[in-house]
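Take the position in the sequence shown, starting the count at 1, then add 188; the result is the number in the numbering used here. Glycine residues also receive a C-beta, built at the ideal position from the N, C-alpha and C atoms. Bear in mind that the values here come from a model prediction, so they are computed numbers and not experimental data. One structure below.
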Amino acid sequence: MKHVGNLQYITFLKGLAILGVILVHAPQLIKEINPLIREFLHAGAFGCQLFFVISGFLAVKSWERLLAKYENSTEKNRTTYKTFLKKRYLSIAPIYILFILFYQIISYYIATFNVEPFYKISHNPLSILANIFLLNGLDYQAFNNIVPGGWFIGTIFLFYLLFPLIYKLYRYIKTYNPRLLFLLPLGGVIVSAIFQTGIFFIIGDWTLSKPGSFTYYSIINQLPCMLIGVTLNYYLKNTKLSKNNLLLCFICLGLIGNLLWYALRLHYWIYALIPSIIGWSFFYLFLYVQRKSEEIRGGETVNNQTRNYITKKIEQIGKVSFSVYFTNFIGTFIFPWGIQLLLVHYGYTINGTLLFFLLLIPIFLITFLFVPPVDYIISRIKSLL
């Protein structure tokens, strides 16, 4: 992995994460597809947990830069928090609001035809307002129904709101005994498990913890992944495991998480633990990729040319992963939905599995075709703010 800048490996990890997200979304709207395809690609959904780990790691770096910047300020912590939140809101909200508008318009337009929509978009004014302020992570009814995949934005912004407290806990443990930092995400898992067990005793089942539910997507259930990322700021320089052992830990924990998903899929209590197990697997992947990037920093060899070409492509995707977050729903949802409407309209019938394989490459092409204009809009917005 050719290294350009100290955090170049982060773009590689982002690239892996967003590719997983595209793959898990690709078959979702294709009817009569072999269910094994969805089962096989479901692991791509864990790209979200990888993004959460990365976000936790980067949040610490950003916070500490701001603390240093405002070192001489009389209200250092308050100024740091205000600047931290402002930067994050302005980096997300403008383009997110444009896509809120896009989905509101297109869903109203589709409603004028007698066809099944590609996605259930809510028009509730309060839910729209919550999304505008990136607080949809608190909206039980429409946390994911204003913008497809909007749950991720709502959850990550709640993490940013809570970050001063999280950072204080991180600094306290790091100062007292940094070897105990693993207790930070472990504590998050325990709190989440207690919370979801409490819901179970209230309603009598674990339905609210299943994938797609508010609880599963909530900050309570996903926070341990972000806390794992926070601790990486220490463990990145203080891990003695060999590169091969790091890779082995990633594979083993990843397999455990996926096997639990398959074996206990109808036992919804397991989903209170799976995101954290997967998050820990990405902890080791993160360390492995960082270690690998340092080894290859010196340059390419003939034997590494193919791998480095693939790595560079994944890094390029990682650089535009935020744009792809928005455009992937055009490629994976709107495009297959439209194709299937046309097939029905003209009286054609095609096997769902065959259709998926025929559309897979076009799905990727359309997803990335819209990236340059979206990336341009994001860049222009940043230049104006």
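Exercise for review: Kindly indicate which residue of 197, 201, 195, 208 has the alpha-carbon position closest to the one of residue 552.
Suggested key: 208
Check your understanding: Using a Cβ-Cβ cut-off of 8 Å (strictly less than) and excluding sequence neighbours within five positions of residue 448, which residues of its own chain qualify?
Key -> 458, 461, 462, 465
Exercise for review: Please classify residue 535: does DSSP put it in a helix, a strand, or coil?
Suggested key: coil
**Study point:** Same chain, Cβ closer than 6 Å to residue 418, five either side skipped, listed in chain order
**Key:** 244, 248, 358
Review point. With DSSP run on the structure shown, which of helix, strand or coil describes residue 483?
Key: helix
Review point. Looking only at C-alpha atoms, which of 388, 370, 260, 205 sits nearest to residue 426?
Key: 370
Point to revise | Contact check, residue 235 vs residue 205, beta carbons under 7 Å | key: yes
**Study point:** Rounded straight-line distance, which links the Cα of residue 499 to that of residue 506
**Key:** 10 Å
Exercise for review: Put residue 257 into one of helix, strand or coil per three-state DSSP.
Suggested key: helix
Check your understanding: With a cut-off of 7 Å, does the C-beta of residue 378 fall near any C-beta of chain C?
Key -> Here chain C cannot be found, since the structure has a single protein chain.
Check your understanding: Would you report the Cα separation of residue 586 and residue 309, rounded to the nearest angstrom?
Key -> Absent from the structure is residue 586, since the part of the chain shown begins at 189 and ends at 573.
Exercise for review: Could you pull out every residue in the same chain whose Cβ sits closer than 7 Å to the Cβ of residue 164, ignoring the five residues on either side in sequence?
Suggested key: Residue 164 is absent from the model: the chain starts at 189 and stops at 573.
Check your understanding: What's the gap between the Cα of residue 328 and the Cα of residue 195?
Key -> 36 Å
Check your understanding: What distance in whole Å lies between the Cβ atoms of residue 346 and residue 375, which are believed to be in contact at a cut-off of 8 Å?
Key -> No, residue 375 and residue 346 are not in contact; Cβ-Cβ is about 17 Å, not under 8 Å.
Practice item. Answer with buried or exposed for residue 512, where buried requires no fewer than 16 other C-beta atoms within 10 angstroms of its C-beta. Key: buried
Check your understanding: Going straight from the alpha carbon of residue 508 to that of residue 428, what length do you get?
Key -> 33 Å
Point to revise | Beta-carbon proximity check, residue 288 vs residue 319, cutoff 7 Å | key: yes
Review point. Between residue 408 and the rest of its own chain, which residues show a CB-CB distance below 6 Å, the 5 nearest in sequence each way excluded?
Key: 380, 383
Review point. Curious, which full-length alpha helix (DSSP H) runs of at least 4 residues does the segment 312-340 contain?
Key: 313-320
Exercise for review: Can you tell me which of the three DSSP states residue 221 falls into?
Suggested key: coil
Exercise for review: Please name the residue, chosen from 561, 266, 237, 421, that lies closest to residue 362 on a Cα-to-Cα basis.
Suggested key: 421
Exercise for review: Go ahead and pull the three-state DSSP assignment for residue 426.
Suggested key: coil
Point to revise | Contact under 7 Å by Cβ, residue 145 with residue 238 | key: Past the edges of the chain, shown from 189 to 573, lies residue 145, and the structure says nothing about it.
Check your understanding: Which residues bound the alpha helix (DSSP H) around residue 213?
Key -> 196-213
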